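Worksheet for the structure shown next.
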Amino acid sequence: MVKSSKDTRYAKYSMVTHDGIGFPCWALPDLMSFPDIFGQDGYAKLDVIGIEETQFFGDLYEFCCKVADDDGKTIVAGRDGDYLRCLILFQKDVI
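Read in order, the letters of the sequence shown are residues 1 to 95 in the working numbering.
Now the structure itself:
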């Protein structure tokens, strides 16, 4: 599991539900750095990569394409709009 390093609301290296249940994850400034940070050998062995709070990642589409080209899968969760109901444009490209 991956989340943005910008999301420090509950824990730096965990995804935390609103009722306090935490799950360890990688906190990254961008997604394209994931294979290098995780390790190329480890990355190559992954079947699925989960990404939380995808609205923080400007390279979401590029990364999802890379994972697909590498025969992997991504599960993404994030907002598709802001509080003014304006679309977060790069999010729609992944859908």
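Glycine included, every Cβ here is placed at the ideal spot set by N, Cα and C.
Model, not experiment: these values are computed from the prediction.
- Here the region 56–76 does not lie against the region 11–23, with fewer than 3 beta-carbon pairs under 8 Å apart.
- Sixteen is the threshold: since fewer than 16 other Cβ atoms of the shown chains lie within 10 Å of the Cβ of Cys86, the residue is exposed.
- In the DSSP assignment, no residue is bridged to Ala44.
- Counting other Cβ atoms within 10 Å of its Cβ, Lys3 reaches 16 or more and is therefore classed as buried.
- Here the C-alpha atom of Pro35 lies approximately 29 Å from the C-alpha atom of Gly20.
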